[in-house]
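I have placed the structure first, in the form of structure tokens, so that the comments after it can refer back to it.
See below:
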């Protein structure tokens, strides 16, 4: 799945903080099922395109929290 991240979103700023240059001893291997495309604002995505295991965990937590915040008004019943 491919998702283009807009620069004014919270997810963009989290990715901006978590991405790092790829370490020399780690081979590039495309694994996973999600591709996030970020604009060329801030860090250069051609260089800063690596997420460590801890960064992936933090990103996953933030995405889950954001999804809950967005779905909460829909599922809340008002009397």
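In the numbering used here, the protein residues as written are 534 to 612. Glycine included, C-beta positions come from ideal geometry on N, C-alpha and C.
With fewer than three CB-CB distances shorter than 8 Å, the stretch 569-582 does not count as touching the stretch 594-604. Within the stretch 580-609, not a single complete beta strand (DSSP E) segment reaches 3 residues in length. In the displayed model, residue 567 falls within coil according to three-state DSSP, outside both helix and strand. Judged by beta-carbon spacing, residue 571 lies beyond the 8 Å limit of residue 591, meaning their Cβ atoms are not closer than that value.
By DSSP's assignment, residue 536 forms a beta bridge with 569.
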